[in-house]
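Encoded as structure tokens, the structure appears first; notes follow it.
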Amino acid sequence: MTLRGLYAITPEREETELLESQVRAVLACAPRGWGALQYRNKLAMPEAQLSQARRLAAIARERGVPFIVNDNVELALAVDADGVHLGRDDGDLAQARQKLRGRILGVSCYNSFDAARSAVTAGADYVAFGSVFVSGTKPGAVHAPLDLFRQGRTLGVPLVAIGGITLENAPQVLAAGADALAVIANLFDAQDIAAQARAFATLFPAQSAL
């Protein structure tokens, strides 16, 4: 698969209307310079997750951006998402791969190249390394050195960087070999979300004509 560009991950917003408006602002410049939109809300009840995911999936389709659901294969299938992103505690990858026929399977590999290699063997379409920098979302996360992205080029799948990514440090992550930048706070907490998304998109000039 091809995955390159800004990989936006939603903040855990209780207010669906606010979340929807922020996602629309983020996706205003899509699909230029874009990789994917991931829905992540571990705090919401299942009914709220289903409602939010359905609404965001529709927005992503309008903008031509792949829509990924975090941690929940069944929810992804229920909203006809383009794929799922799983961590080490989110179930068996081989079983997920079977259920996700024709859909994207992404896997968090933290700071482990061996885990990434195993994930690719199990059918992962892309792998994510992180936390690359100190993350406000997961302050206790393990540190993933930039050398992992250089090493990861041998895996033959796109590499996603996550954890503390900002406009200021993003260029060094891309230079190390990352294909996509997963961002939450530095995007959704910006004063001008749409402008911040456009700025991230310009880091991928082959896709961006802004």
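Sequential numbering from 1051 applies to the sequence shown in my numbering.
For glycine and all other residues, C-beta sits at the position ideal for the given N, C-alpha and C.
All of these numbers come straight from a predicted model, not from anything done at the bench.
Exposure label - residue i; buried when at least 16 CB within 10 Å
| i | result |
| --- | --- |
| N1091 | buried |
| Q1145 | exposed |
| G1156 | buried |
| V1001 | Absent from the structure is residue 1001, since the part of the chain shown begins at 1051 and ends at 1260. |
| R1151 | exposed |
| P1189 | exposed |
| S1071 | exposed |
| L1260 | Note that L1260 scores a pLDDT of 36, beneath 50, so its modelled location is shaky and nothing firm can be said. |
| R1203 | exposed |
| P1116 | buried |
Under the three-state DSSP convention, the category residue i falls into
| i | result |
| --- | --- |
| E1067 | helix |
| G1085 | strand |
| V1016 | The first residue shown for the chain is 1051 and the last is 1260, placing residue 1016 beyond what the model contains. |
| N1236 | helix |
| V1210 | strand |
| L1056 | strand |
| V1123 | helix |
| L1196 | coil |
| F1163 | helix |
| I1109 | helix |
| A1094 | coil |
| A1080 | coil |
| A1191 | coil |
| L1205 | helix |
| L1100 | helix |
Alpha-carbon spacing of residue i relative to residue j, whole angstroms
| i | j | result |
| --- | --- | --- |
| F1163 | V1184 | 20 Å |
| L1106 | R1200 | 33 Å |
| A1058 | L1136 | 16 Å |
| L1196 | A1165 | 16 Å |
| D1140 | L1053 | 22 Å |
| A1086 | A1230 | 9 Å |
| Q1241 | G1214 | 18 Å |
| P1221 | A1103 | 31 Å |
| K1149 | V1123 | 8 Å |
Proximity test, Cβ basis, 8 Å: residue i and chain C
| i | result |
| --- | --- |
| I1118 | The displayed structure is made up of one protein chain only, and chain C is not part of it. |
Unbroken beta strand (DSSP E) run spanning residue i, endpoints
| i | result |
| --- | --- |
| L1136 | G1133 to L1136 |
| A1178 | Y1176 to F1179 |
Alpha helix (DSSP H) segment containing residue i, residue limits
| i | result |
| --- | --- |
| S1158 | Premise fails: S1158 lies in the beta strand (DSSP E), I1154 to S1158, not in any alpha helix (DSSP H). |
| A1247 | I1243 to A1251 |
| R1147 | L1143 to K1149 |
| P1221 | A1220 to A1226 |
Counting beta carbon pairs with one atom in the segment 1172-1181 and one in the segment 1208-1215, are three or more of them shorter than 8 Å? At 8 Å Cβ cutoff, the stretches touch.
Counting Cβ pairs, one atom from each stretch, are 3 or more of them under 8 Å apart for the segment 1107-1122 and the segment 1074-1089? These segments touch.
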